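Trainee: Residue 124 in this note's numbering sits at position 113 of the sequence shown; the count goes up by one each step and never skips.
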Amino acid sequence: MSAFSERFRIRKPYDLLSEKERKAIHEGALEVMETTGVRIHSRAARKDLKAAGADVEEGSPDVRFPLDLVMELVRKAPRDLTLAGRTKDFDLPLTGDHFYTTMDGCGVHVWEAETNSRRESLLEDVRRTAIIGDYLPYLSIYEPMVVAHDVPETVHVAMGLKASLENTEKHILSESTTNAAEARAQVAMASEVLGSAEELRKRHLLSAMLCTISPLSVDGNASDAALVWAENHVPVHVTGMAQTGVSGPASIAGDLVVNHAETLAVICMLEAHEPGAPAIYGSVLSGMDPKTGAYMGSSPESDLLAIGSIEMAKYLGLPDSVGGYGSTAKVPGVQASLEHMLSAVVCANYGGEVVNGLGEPAGSTLLSYEQILLDHEIAAMIVKVYQGFRVDTEELAVDLIEKVGIGGSYLAQRHTLERMRDISVPMLWDTSPYDHWVAGGKKDPMEVAREKTDWILKNHAPEPLPRETVQNLDGIVHKLGMG
């Protein structure tokens with residue numbers, strides 16, 4: 012196991028729900044799947060499910076799932092899964108005892124701190140954030156963070172992936188795929204980087220999201236793209252987004268039933284098409300503002316929904332990913348950081364292993380370079396706290412305490428010097444005395460974050476891809492653009 016993945020290993024998480032409560036949610040979802048069904052707008056997916064034994068009427072998009080069939084198909088999904096980096100140094104085994112973090116994806120605006128305003132996102136923002144993600148020690152997975160408005164719509168997903176592959180060695184999670192052609196292009200690009208399609212099946216350099224359309228529906232183009240992922244063993248984060256009181260029941264448990272039914276249906280769809288296709292139990296569930304019906308990410312209800320989805324992934328024994336950030340704050344800063352801290356801590360506490368969303372407040376639509384650094388600081392602190400500490404003879408240090416005695420100092424002791432490298436040192440917070448802080452310009456964390464971002468972009472050079480590989484990636488993008 013690489014030193015990089017070991018960095019994110021934490022103590023055993025807690026449980027919120029009892030086995031009986033998890034079973035009740037599961038059985039509720041199975042009943043919904045059997046009686047109401049799930050609407051799957053993909054003929055190819057419905058054909059696979061019908062051949063597997065699902066109830067599919069000719070001319071109807073609705074699929075009903077016999078109880079026994081659901082678990083028969085879900086059991087085909089692998090439990091042993093590693094999200095690979097470009098090199099093995101950045102591999103991330105999903106063994107249930109890590110706290111991995113991702114950036115967020117699909118942003119459409121970028122915060123400009125100098126003018127206190129927003130602008131449209133560009134391909135250059137993908138390149139820059141990939142470099143920053145490659146550098147940050149507690150960022151595990153990179154997502155192309157924005158939709159590039161300055162490239163043709165037909166190729167913006169592929170060009171975003173190309174910019175990512177060129178500028179980070181870490182695992183890449185693709186979120187914006189809208190059709191099978193885009194999925195095939197991305198598979199070809201990841202295969203090019205690894206050397207072959209067969210190598211991609213073995214080493215999951217790329218994973219992808221499929222977002223359901225709550226309640227109880229899955230888009231046809233997204234489903235067809237997911238079938239391409241499945242054929243090539245690209246792990247699919249099945250990401251439900253049911254909102255309490257809007258696209259799911261207003262109760263936490265009821266919303267979890269909807270999410271569980273949608274997730275199980277998509278996993279069944281993947282396994283009916285390609286037995287053994289890797290699937291990840293993902294969700295970004297949310298509460299609503301009772302006054303307006305608006306989305307409320309990072310609310311206490313959203314945090315409970317995140318816990319619930321983690322609990323249901325445990326029940327199935329599947330890897331999980333969860334929306335642990337995604338504040339509704341309109342701008343980066345205090346509110347976004349407070350909400351992100353609480354949500355991320357909740358995920359770590361209850362076993363969220365892939366925690367999504369660094370750097371994009373405003374409901375995951377606004378890229379903020381400063382917020383990336385603030386959220387990274389949060390992730391580093393969470394990992395340190397949830398790693399816990401050792402209690403053994405060496406750490407108890409009784410002999411040392413007796414040696415130093417009453418009124419002595421531990422500063423010059425080897426025991427102290429050996430542990431200095433393990434002490435957390437913040438990247439942004441100024442820990443110096445007040446007078447020193449004043450003399451240094453009284454910089455607040457947002458200003459320090461801007462300076463650190465500039466430093467990273469000027470000084471960090473990701474390991475480049477071979478020139479021939481880059482040319483071949485350009486060819487794949489060009490072919491996609493030509494249709």
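C-beta: ideal position from N, C-alpha, C; glycine also. Owing to the predicted nature of the structure, the values given are computational and were not obtained by experimental measurement.
Determine the DSSP secondary structure at Ile-291, reduced to helix, strand or coil.
Mentor: For Ile-291, the three-state secondary structure derived from DSSP is strand.
Trainee: Which whole-angstrom value is the C-beta distance of Pro-473 and Glu-180, which I expect to be below 8 Å?
Mentor: Correct: roughly 7 Å between the Cβ atoms.
Trainee: Taking the C-alpha atoms as reference points, what is the distance between Pro-260 and Val-357?
Mentor: 22 Å
Trainee: Where does Trp-440 sit, in a helix, a strand or coil, going by DSSP?
Mentor: coil
Trainee: Using the three-state DSSP reduction, which class does Leu-221 fall into: helix, strand or coil?
Mentor: strand
Trainee: For Thr-47, does the three-state DSSP call read helix, strand or coil?
Mentor: coil
Trainee: Evaluate contact between the region 396-414 and the region 134-150, counting only Cβ atoms and requiring at least three cross-stretch pairs below 8 Å.
Mentor: no
Trainee: Report all residues from its chain with a CB closer than 7 Å to the CB of Glu-388; omit the five preceding and five following residues, and keep chain order.
Mentor: Pro-437, Met-438 and Leu-439
Trainee: Extract the residue ranges of the alpha helix (DSSP H) inside the region 120-155, only unbroken runs of 4 or more that lie entirely within it.
Mentor: Runs found: 134-146.
Trainee: Under a three-way DSSP split, which group does Arg-90 fall into?
Mentor: coil
Trainee: Taking DSSP's pairing of strands, which residues face His-182 in a bridge?
Mentor: BP columns for His-182 point to Ile-152.
Trainee: Can you name the residues that DSSP bridges to Asp-331?
Mentor: Tyr-292
Trainee: Report yes if the CB atom of Leu-378 is closer than 9 Å to the CB atom of Gly-118, and no otherwise.
Mentor: yes
Trainee: Between Ser-320 and Leu-296, how many whole angstroms is the CB-CB distance? I'm expecting something under 8 Å.
Mentor: 6 Å
Trainee: Please return the same chain residues whose Cβ sits closer than 6 Å to the Cβ of Asn-24, not counting the five positions on each side in sequence.
Mentor: One detail in the question is off: residue 24 reads as Pro in this sequence, not Asn. Answer for Pro-24: Tyr-361 and Gly-362, listed in chain order.
Trainee: Identify whether Val-7 lies in helix, strand or coil by the three-state DSSP scheme.
Mentor: Past the edges of the chain, shown from 12 to 494, lies residue 7, and the structure says nothing about it.
Trainee: How is the beta strand (DSSP E) around Arg-75 delimited, first residue to last?
Mentor: From DSSP, the beta strand (DSSP E) with Arg-75 extends over 73-75.
Trainee: Which residues in the same chain have their Cβ closer than 7 Å to the Cβ of Thr-9, if we skip the five residues on either side of it in sequence?
Mentor: The chain is shown from 12 up to 494; residue 9 falls before or after that span and cannot be answered.
Trainee: Roughly how many angstroms lie between the CA atoms of Ser-313 and Met-307, to the nearest whole one?
Mentor: 7 Å
Trainee: Considering only C-alpha positions, which residue in the set Leu-491, Lys-469, Glu-429 and Leu-484 is nearest to Ile-143?
Mentor: Lys-469
Trainee: Under the rule that 16 or more other beta-carbon atoms within 10 Å means buried, what is Asp-266, buried or exposed?
Mentor: Under this definition Asp-266 is a buried residue.
Trainee: Using 8 Å as the Cβ pair cut-off and three pairs as the minimum, do the region 329-346 and the region 33-40 touch?
Mentor: no
Trainee: Hey, is the region 333-350 in contact with the region 416-435, meaning 3+ C-beta pairs nearer than 8 Å?
Mentor: no
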